[in-house]
Amino acid sequence: MTTDDTPISAVEALIAFARRVVDDEAARALIDEVTRELTGRTVVRPDQHLVPLRFTLRRRLDVSGLSGVGDVADGVLWPDGTASVRWRGEHPSAVFWDRGRVSVEFVHGHQGASEIEFTDQDGEAPAPLDEPALAPAAAPLALRRVVEIALNKPVPCPDCRRTLPCRCVAKRTDGRIDSVLSALAPWLTTRNEDAA
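Structure (structure tokens):
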């Protein structure tokens, strides 16, 4: 509990305690270790660039008599250690395991009658991300106002030519685009330094 009697979670309390004792990086490492120990999964940060690993559950002996033999399920081992399994066959289903491979092998391995065969290799580099598009240069305020006025300008309906709402089903998108483009035309024909 906090001093104002607002309840906090055990994780929030642990973070607060850890930050009083050590720096933020050490507190993060402690929380990551506690998460791994309590949940069996790893905290994955956006900057780690880890990839999920695909696998197939291959069954040599059908102990239950339901799933058959061969490749009976497809799965993904996620970077945090959890796993998803999608069963093949006439009655497919999906199951998610917080403790990942350990749970999949324990529940579905049938003491060696089934095995996990990975399609991807551990440590495989992730596919390169597309280069982020450069943010467009901030448009001058005058240009922004021209576009704003053009967007709010009444556009006639292409069917009945009314500018007020009408019962026509026609879309006014083309008219709106034409309005914005005509407002931008002077800006598009000048150089950037002239437009500013």
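Using the working numbering, you'd call the opening residue of the sequence shown number 1 and step up by one each time.
Even for Gly, the Cβ is constructed at its ideal location relative to N, Cα and C.
Do you know whose CA, among R41, D62, V63, lies nearest S103's CA? Nearest in C-alpha terms to S103, of all of R41, D62, V63, is R41.
For Q121, decide whether its Cβ has a neighbour in chain E, counting only Cβ atoms nearer than 8 Å. The chain inventory of the structure shown lacks chain E, comprising one protein chain alone.
Pick helix, strand or coil for D122, following the three-state DSSP scheme. Three-state DSSP puts D122 in coil, outside helix and strand.
Candidates A113, C157, R59, V63, of which the one nearest D71 by Cα: Out of A113, C157, R59, V63, R59 has the C-alpha closest to the C-alpha of D71.
Mind checking whether D98 and V43 have CB atoms under 8 Å apart? No, these two residues do not count as a Cβ contact at 8 Å.
Have a look at A83 and R161 and give me their C-alpha separation to the nearest angstrom. If I take the Cα positions, the gap works out to 58 Å.
So the candidates are R54, A10, T56; which of them puts its Cα closest to the Cα of T35? It is A10.
Taking the C-alpha atoms as reference points, what is the distance between D47 and R86? Approximately 29 Å, taken between the alpha carbons.
Here's the rule: buried if 16 or more other CB atoms are within 10 angstroms of the residue's CB, otherwise exposed. What is H108? By the C-beta density criterion, H108 is buried, having at least 16 other C-beta atoms within 10 angstroms.
Start and end residues, alpha helix (DSSP H) containing V85: It is not in any alpha helix (DSSP H) - V85 instead sits in the beta strand (DSSP E) that spans 83–87.
Straight-line gap, V147 to P140 (C-alpha atoms, nearest Å): V147 and P140 have their C-alpha atoms some 11 Å from each other.
Whole-number beta carbon distance between A113 and L61, since they are thought to touch under 8 Å: Confirmed, Cβ separation roughly 4 Å.
With distances taken Cα to Cα, identify the nearest neighbour of H91 among G100, L77, A73, R101. Here the closest residue by C-alpha is A73.
Anticipated Cβ contact below 8 Å, L53 with D5, distance rounded: At roughly 46 Å, the Cβ-Cβ gap does not stay under 8 Å, so L53 and D5 are not in contact.
Per DSSP, what are the beta-bridge partners of A8 in this structure? Looking at the sequence shown, residue 8 is not Ala but Ile. None; I8 has no bridge partner.
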